[in-house]
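Colleague: Residue numbers (this note's numbering): 47 to 250. C-beta: ideal position from N, C-alpha, C; glycine also. On a predicted model such as this, the values are computed, not experimentally measured, just so you know. Next up is a structure, given as structure tokens.
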Ligand code: SF4
């Protein structure tokens, strides 16, 4: 609402981009800022101290905030891509097959989202180094991109010579940006696709 008001004001005046600068101060003086400050340490606390201690710490911090007492420090977030465990440290998860009633395979869900990108538009998903997916991601992390992507965009396929290769089905991307955040070496470059492309969710 505040963003819409700032944009509306800018459109009513001379569309100067610096008029949108009113947006940040309006957020900072609103209830949004107050509520976010109260919970600012919650997620970092869980990341730093683990589920049990972190939740207790976060609850205590929020409780103090509700009493009007703000602790004078702010815990830092850990970058998500630095928290991935190597395959040698993780237990393999045996995912149950989708039953087609309550759970569905990823491509069926992508179909329902009516995702589409023009075939001749510039590719919005690129790799900084094409060797990293196999040499680092697959070798050390068992190719996490083939699991965390909700649209099955990343697939490791076998070349005729038997070697694996990462195939990127960018057409199916539902723009969640998980790969941009989670890729362990930040090798995936996600840029905003050409206008109009992406998921449409026609039944929502
Ligand atoms: S943005 Fe989301 S849907 Fe698109 S490729 Fe990355 S993880 Fe997959």
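1) Pick helix, strand or coil for residue 150, following the three-state DSSP scheme.
2) For residue 179, verify whether its CB is less than 7 Å away from any heavy atom of the ligand SF4.
3) By Cβ distance, which residues of its chain are closer than 7 Å to residue 184, with the 5 residues on each side in sequence left out?
4) Please state the DSSP three-state secondary structure of residue 201.
5) Would you kindly work out how many angstroms separate the C-alpha atoms of residue 122 and residue 130, rounded to a whole number?
6) Please report how far the alpha carbon of residue 135 lies from the alpha carbon of residue 235, in whole angstroms.
7) Quick check: does the Cβ of residue 147 come within less than 7 Å of any heavy atom belonging to the ligand SF4?
8) Closer than 8 Å is the cut-off here; do at least three beta carbon pairs connect the stretch 155-175 with the stretch 185-205?
9) So, residue 241 versus residue 162, is the Cβ gap smaller than 8 Å?
Modeller: Short version:
1) coil
2) no
3) Excluding sequence neighbours, residue 184 sits near 202, 210.
4) strand
5) 18 Å
6) 27 Å
7) no
8) yes
9) no
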